[in-house]
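Here the sequence shown is numbered in the numbering used here, starting from 1 and rising by one per residue. Comments concern the structure below.
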Amino acid sequence: MRDDEPREAAGIVKFADALQRAGISKLVLHAWERRYDVQLSERTATGRRFMTETQVERLRLLKLCTDAGYRIANIISLPDMELLHIAEQHALRLDLCSTLDAAQRLDSATLSADLERRVSELGPLDFVRRVVSPLMDEIGKRWQDGTMSIAAEHLVSAEVRRILSDCLHRFPVAPGATRAVATTPEGELHELGALVITLLSRSHGIDTLYLGPNLPNDQIVNAALRSGASVVFLSCLVSSRRNASGPIVALRGALPPHIALFVGGPGASNMAPLDGVSIFPNIESINAALRDIGSAALPARGLSNETR
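Structure, rendered in structure tokens:
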């Protein structure tokens with residue numbers, strides 16, 4: 001070993017080995033560091049380069065994200081956890097190629113068999129996280145850019161809806177558990193989000209009544225009161241503050257103060273904060289709240305604190 005080379009130690013990686021593990025060339029690394037004024041490696045006292053294990057992992061994640069189509073300018077400053085999430089979501093989408101191909105061909109038999117295999121291998125909760133969520137995101141993108149037909153989108157939605165409905169029976173709830181209702185606002189016909197939240201909440205021991213989609217506010221309030229619910233789960237697809245917020249504000253005003261209102265789904269991602277409404281833009285953000293409710297860490301009469 002040359003005197004100016006970094007000594008072998010835990011967490012220290014030679015520069016050439018680091019580049020090979022990350023799958024990136026020296027020229028690309030130098031370009032990123034120069035263009036964005038970042039330090040992605042270390043130097044010895046004499047200027048020889050090396051990396052720590054943490055730096056190798058960050059460089060690997062940056063490479064994975066750029067391979068997924070993200071511009072390096074948009075991700076170079078993101079924390080490692082966000083890069084990891086992007087890379088994982090891309091890997092999940094790649095794993096769904098056979099499912100998407102069957103949908104594009106309107107091959108219902110192959111699509112059904114593929115989804116049944118996945119839920120059998122993964123179980124209901126991982127099926128939601130690793131299949132349903134990325135699958136519906138990808139289908140939504142393809143429908144918007146015109147590369148997937150409405151018929152194909154409807155076919156996938158129908159198959160996923162059937163499987164999620166079957167999975168609900170796998171989570172019986174104990175007598176006396178906290179009660180909730182799940183639905184979508186009036187005019188919102190996409191019910192998969194409401195089915196997903198019903199499944200997740202039941203897995204946390206919450207006795208959640210699924211009411212189907214497209215429910216007027218007065219019916220939601222009536223169902224919540226008659227069932228003794230402490231929480232109303234509302235799945236919102238519309239990603240417009242103007243269109244989504246009005247009915248939700250009206251629903252909050254119609255519900256008694258002791259009944260909490262949770263809103264989740266793509267429509268929640270751009271929603272402005274609303275008094276008395278807990279907003280959850282993704283599955284990860286709502287899971288912690290569901291655990292609290294299911295473990296009775298919060299009062300049975302409902303939630304008083306907002307979750308952002």
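Think of the CB as a built atom: it goes at the ideal place given N, C-alpha and C, for glycine as much as any other residue. These figures come from a predicted structure and were not determined experimentally.
Where residue i sits in the DSSP three-state scheme
{"i": "ALA45", "result": "coil"}
{"i": "ASP207", "result": "strand"}
{"i": "MET136", "result": "helix"}
{"i": "GLY246", "result": "helix"}
{"i": "GLY264", "result": "strand"}
{"i": "THR54", "result": "helix"}
{"i": "ALA182", "result": "strand"}
{"i": "VAL13", "result": "strand"}
{"i": "VAL232", "result": "strand"}
{"i": "PHE127", "result": "helix"}
{"i": "ILE86", "result": "helix"}
{"i": "VAL335", "result": "Look at the range of the chain in this structure, 1 to 308, and you will see that residue 335 is not part of it."}
{"i": "ASP145", "result": "coil"}
{"i": "ALA288", "result": "helix"}
{"i": "MET81", "result": "helix"}
{"i": "GLY294", "result": "helix"}
{"i": "GLY69", "result": "coil"}
{"i": "ASP101", "result": "helix"}
{"i": "ASP107", "result": "coil"}
Pair within 8 Å by beta-carbon distance, residue i and residue j
{"i": "ALA152", "j": "ALA103", "result": "yes"}
{"i": "LEU195", "j": "TYR210", "result": "yes"}
{"i": "VAL160", "j": "LEU122", "result": "no"}
{"i": "ALA250", "j": "VAL181", "result": "no"}
{"i": "ARG118", "j": "VAL131", "result": "yes"}
{"i": "VAL277", "j": "ILE248", "result": "yes"}
{"i": "SER235", "j": "GLY265", "result": "yes"}
{"i": "GLY23", "j": "ARG48", "result": "no"}
{"i": "ALA87", "j": "CYS65", "result": "yes"}
{"i": "VAL232", "j": "LEU255", "result": "yes"}
{"i": "ASN214", "j": "GLY187", "result": "yes"}
{"i": "ASP137", "j": "ALA177", "result": "no"}
{"i": "ARG179", "j": "ALA229", "result": "yes"}
{"i": "ILE12", "j": "THR52", "result": "yes"}
Residue i burial status per 10 Å Cβ neighbour count (16 or more: buried)
{"i": "TYR36", "result": "exposed"}
{"i": "ILE197", "result": "buried"}
{"i": "HIS204", "result": "buried"}
{"i": "ARG242", "result": "Since pLDDT at ARG242 reaches only 47, below the 50 mark, its modelled position is unreliable, and no value is offered."}
{"i": "ALA268", "result": "buried"}
{"i": "MET1", "result": "In this prediction, MET1 has a pLDDT of 45, which is less than 50 and means its spatial position is unreliable; nothing more can be read from the coordinates."}
{"i": "GLY146", "result": "exposed"}
{"i": "ILE252", "result": "The residue asked about is misnamed: residue 252 is Arg in this sequence, not Ile. It is buried - the Cβ of ARG252 has at least 16 other Cβ atoms within 10 Å."}
{"i": "ALA288", "result": "exposed"}
{"i": "LEU29", "result": "buried"}
{"i": "ASP166", "result": "exposed"}
{"i": "THR46", "result": "exposed"}
{"i": "SER77", "result": "exposed"}
{"i": "LYS114", "result": "The sequence shown places Asp at residue 114, rather than the Lys named in the question. Burial call: buried."}
According to DSSP, residues forming a beta bridge with residue i
{"i": "VAL221", "result": "According to DSSP, which records beta bridges pairwise, VAL221 is partnered with nothing at all."}
{"i": "LEU215", "result": "PRO185"}
{"i": "PHE171", "result": "None; PHE171 has no bridge partner."}
{"i": "SER278", "result": "PHE262"}
Inter-residue CB distance, residue i and residue j (contact presumed, cutoff 8 Å)
{"i": "LEU135", "j": "THR99", "result": "6 Å"}
{"i": "LEU274", "j": "SER245", "result": "6 Å"}
{"i": "ARG202", "j": "LEU155", "result": "In fact, because the Cβ distance is near 26 Å, the residues do not count as touching under 8 Å."}
{"i": "ARG129", "j": "ILE283", "result": "6 Å"}
{"i": "LEU40", "j": "TRP32", "result": "7 Å"}
CB contact below 8 Å: residue i versus chain E
{"i": "LYS14", "result": "In the structure shown, chain E cannot be found, because there is only a single protein chain."}
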